[in-house]
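Protein chains in written order, with our numbering: chain A, 1 to 237; chain B, 1 to 237.
In this text, a Cβ means the ideal position worked out from N, Cα and C, and glycines have one as well.
2 protein chains.
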Amino acid sequence: MPHELKPIKPKRISDQVFDQLRELIFRGEFKAGEKILTERELAEAFGVSRTSVRDAINKLVVMGLLDQKQGQGTFVRLPESSEKSVLATMVESQDASITDLLEVRMGLECNAAALAASRAVEKDFQFMEKSIEEMQKEVKSGRLGNEADASFHMAIAYATNNPLQVFIMKNFYDFLFTGIKVNLEGLYKVPGNIVTILNQHQAIYQAIREHNPEAAHGAMKLHINFVYHFFGGRVGD
Amino acid sequence: MPHELKPIKPKRISDQVFDQLRELIFRGEFKAGEKILTERELAEAFGVSRTSVRDAINKLVVMGLLDQKQGQGTFVRLPESSEKSVLATMVESQDASITDLLEVRMGLECNAAALAASRAVEKDFQFMEKSIEEMQKEVKSGRLGNEADASFHMAIAYATNNPLQVFIMKNFYDFLFTGIKVNLEGLYKVPGNIVTILNQHQAIYQAIREHNPEAAHGAMKLHINFVYHFFGGRVGD
DNA sequence: CGATATTAATGGTATAACCAATTTATGGGT
DNA sequence: ACCCATAAATTGGTTATACCATTAATATCG
Chain A
1 MPHELKPIKP KRISDQVFDQ LRELIFRGEF KAGEKILTER ELAEAFGVSR TSVRDAINKL
61 VVMGLLDQKQ GQGTFVRLPE SSEKSVLATM VESQDASITD LLEVRMGLEC NAAALAASRA
121 VEKDFQFMEK SIEEMQKEVK SGRLGNEADA SFHMAIAYAT NNPLQVFIMK NFYDFLFTGI
181 KVNLEGLYKV PGNIVTILNQ HQAIYQAIRE HNPEAAHGAM KLHINFVYHF FGGRVGD
Chain B
1 MPHELKPIKP KRISDQVFDQ LRELIFRGEF KAGEKILTER ELAEAFGVSR TSVRDAINKL
61 VVMGLLDQKQ GQGTFVRLPE SSEKSVLATM VESQDASITD LLEVRMGLEC NAAALAASRA
121 VEKDFQFMEK SIEEMQKEVK SGRLGNEADA SFHMAIAYAT NNPLQVFIMK NFYDFLFTGI
181 KVNLEGLYKV PGNIVTILNQ HQAIYQAIRE HNPEAAHGAM KLHINFVYHF FGGRVGD
């Protein structure tokens, strides 16, 4: 069969519109943050129905390339918000809140702390210590210390020696920085909170160091519960 | 028991349809590969226009949960046919084992059981009962009952009323079926195991029904530990 | 019986009209 | 001139209806 037959691809109209719009966005014809043509204008420009245009736009919205607001228009999504972590998109599309996230963390991290208590080795302890010290420094110099906070929790994840646990937690903390940093700053900025958090970290670290799973579990529970209450949630027990 | 106040945002009607359809898929009411109701039927059933139904379906198609073919209908996408779940790639690239997965589930699901115990409503109970009964039937007719097993755990996830919990667990169970089904069959095929698992489910259900978080947590722990030991793991406590 | 034409079912497109949220223009009152 | 409530215009969201395009089931004819 010498020649490849090029055949007609019976493409849906909405898909053709989709392709063209996507290209316009990628090429930068529609600049980031900018308002694009209205649905009615696009329909007329392409010579198709508004329905087809809407279908195409919807697809782009779901894919995170466009944002649509009733009464205002359709906007090109900013690049930073488009390459979000898995969790970020997850949280948005599932309408999850920060307390929802904390509830899942409650299960995830308490268990991780217990596992870490029975498996952590010297290297893991060093990482935890380092994170705690770093957080103390940052606090003294007036900074927030949120990065060191995350490092501490990640150190626990590593100590579980469970790659899946590490992967999932990493996604959680990536999201905490990209998605809801603003909210978290509220937590850190209340003066007493940082000291409290530091003490809680220390308690967790102690329990793990003593290879006491139950204590580690409990200490982590107290810690996350503290944050959870700060955001107005309430834990079941 | 009110865990949190969520913003009352007047949702688009297409999104409300989307939520319901997604729930039906996640809960397993629409089984994988199955043809769902037609757009016109759904429109009438929901009492909305076909356009709104189409918008919702389109979103689900883009997300990879549904497949649509002109002239045929709309189908629930098989997990394997969709791009590999987040977990699948995760487990492969991080070479995580099934015991790693079970360890994470331990934290995730024990916590979920406790949350469910304090929040579950009548509807949730009905789903759990249904899953248990279904599993009993399947076992009697000589089948494995793994789907009903997954449904039971998903029912608990839904009872937490935490969309993130639902999303994550859904990914876990999709993976359990696609990625390591073979291994799981080893578990189900040992004669006594299914009865044991059924009893454990019943115990979990009872605890949740009685709104006893601690008991639910413990019952779930026993359950997952049982599976965990079957695969040669050992839990820290 | 088998190949073919017909029909029915289902997703895709097109209009037109109206609703709901938002912005902009308008018009008095100070 | 300024401020602010009100009306009008703009724009995405929804509905309704009709028709097109593709596929599967059915009927028809040789």
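Identify the contact partners of residue i in chain A, using a Cβ-Cβ distance below 8 angstroms as the criterion.
i: residue 165(B); result: 100, 103, 104
i: residue 128(B); result: Within 8 angstroms Cβ-Cβ: nothing; residue 128(B) doesn't reach chain A, min ~18 angstroms.
i: residue 21(B); result: Result: empty, since nearest Cβ-Cβ is about 14 angstroms, beyond 8 angstroms.
Can you tell which of the options has the C-alpha that lies nearest to the C-alpha of residue i?
i: residue 139(A); options: 232(A), 197(A), 117(A), 216(A); result: 197(A)
i: residue 157(A); options: 109(A), 211(A), 96(A); result: 109(A)
i: residue 171(B); options: 186(B), 101(B), 20(B), 202(B); result: 101(B)
i: residue 42(A); options: 162(A), 14(A), 200(A), 125(A); result: 14(A)
i: residue 190(A); options: 125(A), 123(A), 31(A), 143(A); result: 143(A)
i: residue 241(B); options: 141(B), 165(B), 111(B); result: Outside the shown range of chain B, which is 1 to 237, sits residue 241(B), and nothing can be said about it.
i: residue 97(B); options: 137(A), 50(A), 165(A), 45(A); result: 165(A)
i: residue 34(A); options: 40(A), 47(A), 75(A); result: 75(A)
i: residue 117(B); options: 231(B), 232(B), 209(B), 11(B); result: 209(B)
i: residue 232(B); options: 99(B), 146(B), 173(B); result: 99(B)
i: residue 174(A); options: 123(A), 146(A), 220(A), 126(A); result: 146(A)
i: residue 129(A); options: 162(A), 163(A), 30(A), 199(A); result: 199(A)
i: residue 127(B); options: 11(B), 29(B), 19(B); result: 29(B)
i: residue 125(B); options: 211(B), 220(B), 162(B); result: 211(B)
i: residue 161(A); options: 52(A), 122(A), 137(A); result: 122(A)
i: residue 184(B); options: 227(B), 32(B), 50(B); result: 227(B)
i: residue 150(B); options: 32(B), 176(B), 163(B); result: 176(B)
i: residue 19(A); options: 40(A), 31(A), 44(A), 52(A); result: 52(A)
For residue i versus residue j, is the C-beta distance shorter than 9 angstroms?
i: residue 216(B); j: residue 113(B); result: yes
i: residue 27(B); j: residue 154(B); result: yes
i: residue 192(B); j: residue 207(B); result: no
i: residue 58(B); j: residue 59(A); result: yes
i: residue 54(B); j: residue 66(B); result: no
i: residue 119(A); j: residue 159(A); result: yes
i: residue 24(A); j: residue 56(A); result: no
i: residue 152(A); j: residue 168(A); result: no
i: residue 71(B); j: residue 107(A); result: no
i: residue 204(A); j: residue 229(A); result: no
i: residue 64(B); j: residue 38(B); result: no
i: residue 187(A); j: residue 103(B); result: no
i: residue 62(A); j: residue 62(B); result: yes
i: residue 225(B); j: residue 111(A); result: no
Using a Cβ cut-off of 9 angstroms, pull out every chain B residue sitting near residue i, in sequence order please.
i: residue 11(A); result: The premise fails here: residue 11(A) is roughly 12 angstroms from chain B at the closest Cβ pair, so nothing lies under 9 angstroms.
i: residue 174(A); result: Near residue 174(A) there are no residues of chain B at all, since even the closest Cβ is about 13 angstroms away, more than 9 angstroms.
i: residue 65(A); result: The premise fails here: residue 65(A) is roughly 11 angstroms from chain B at the closest Cβ pair, so nothing lies under 9 angstroms.
In terms of residues, what are the limits of the alpha helix (DSSP H) holding residue i?
i: residue 68(B); result: No alpha helix (DSSP H) holds residue 68(B); the beta strand (DSSP E) holding it covers 66-69.
i: residue 225(B); result: 213-230
i: residue 24(A); result: 13-27
i: residue 33(B); result: Run containing residue 33(B): none; DSSP gives neither H nor E here.
i: residue 146(A); result: 146-159
i: residue 239(B); result: The question about residue 239(B) has no answer here: the residues shown for chain B are numbered 1 through 237.
i: residue 210(A); result: Looking at the DSSP string, residue 210(A) is not in any alpha helix (DSSP H), and its letter there is neither H nor E.
i: residue 121(B); result: Run containing residue 121(B): none; DSSP gives neither H nor E here.
i: residue 96(A); result: First-last for residue 96(A): undefined, no H or E at that position.
i: residue 40(A); result: 39-46
May I ask which residues mark the beginning and end of the beta strand (DSSP E) holding residue i?
i: residue 75(A); result: 73-76
Which chain B residues sit within Cβ distance under 8 angstroms of residue i?
i: residue 239(A); result: For residue 239(A) there is no data in the structure shown, the boundaries of chain A being 1 and 237.
If the cut is a Cβ gap below 7 angstroms, which residues of chain A does residue i touch?
i: residue 96(B); result: 163, 164
Using a C-beta to C-beta distance shorter than 7 angstroms, which residues of chain B count as neighbours of residue i?
i: residue 107(A); result: 107, 108, 110, 111, 112
i: residue 168(A); result: 104
i: residue 55(A); result: 58
Do residue i and the ligand ZN come close, with the Cβ less than 8 angstroms from some heavy atom?
i: residue 148(A); result: The model on display carries no ligand, and the ligand ZN is accordingly not part of it.
Residues from the region 218-230 of chain A in contact with chain B, defined by Cβ distance under 7 angstroms: none
The region 114-148 of chain B: positions lying closer than 8 angstroms to chain A by Cβ: 114, 115, 117, 118, 119
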